[in-house]
Amino acid sequence: MRNLRASGLIIYRIVSSEIEYLLLQTAYGHHHWTPPKGHVDPGESDMETALRETEEEAGLKGNHLQIMEDFKKELRYEVNQKPKTVIYWPAKLVDPNLAVKLSEEHKDFKWVKLEEACQLVEYADLQSVLRDCEAFLKTAHKIAFPSNIGALQATR
Ligand SMILES: Nc1ncnc2c1ncn2[C@@H]1O[C@H](COP(=O)(O)OP(=O)(O)OP(=O)(O)OP(=O)(O)OC[C@H]2O[C@@H](n3cnc4c(N)ncnc43)[C@H](O)[C@@H]2O)[C@@H](O)[C@H]1O
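Each position in the sequence shown, counted from 1, maps to that position plus 2 in the numbering used here.
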């Protein structure tokens, strides 16, 4: 049985030292929410797909993003009785004010903090990826949080 394969980017931005995730709501099916992602075309690498789909679905290009390649997660679930694998990497939107431009595939988008993101995505495996991602990003961006630096310096 052919394995469906898709990949995407968990797009996030940092606003007032808080991480916000970009979720898109499909215009089809039961209107579920996911990060930008899509099917891997023949001859494409997972990363090429993730970048292409992010540009197609959200209007965000590779040069707008800082991809965190050290954190890569794989989800496996079934769609219409066929196994599907989805690969995600986190990617920071360098300019947090950059506008998102949806395609016809999606009817809405939201920038949300972790707990709201977990409510929107509804699937336990993707919720778990988002929670792991949050922990990874908090560590990775520690030095980028001015308020944390201030707090650390104040305790020295
Ligand atoms: N019902 C529909 N009606 C009309 N057109 C449709 C359609 N479904 C897909 N399309 C077309 O397919 C294209 C999508 O292609 P792509 O954009 O290339 O691919 P995708 O993001 O992987 O698609 P999809 O939304 O189907 O995937 P997901 O795994 O999230 O979702 C697939 C299923 O898995 C479920 N799912 C998502 N995440 C899951 C998880 N973690 N665990 C279990 N189930 C999950 C979803 O709820 C959903 O039911 C669209 O342009 C659209 O035209």
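Ideal Cβ placement from N, Cα and C applies to all residues, glycine included.
D72 sits in coil when the DSSP states are folded into three classes, being neither helix nor strand.
Rounded to whole angstroms, the separation of the alpha carbons of L6 and A52 is 15 Å. At a cut-off of 4 residues, the continuous stretches assigned as alpha helix (DSSP H) that sit fully inside the segment 17 to 101 are 48 to 60.
Distances between the C-beta of V88 and the heavy atoms of ligand 1 include at least one below 8 Å. Exclusion of the five residues before and after E118 leaves K112 as the residues of its chain whose Cβ lies within less than 8 Å of its Cβ.
Residue range 108 to 114 is occupied by the beta strand (DSSP E) that includes K112.
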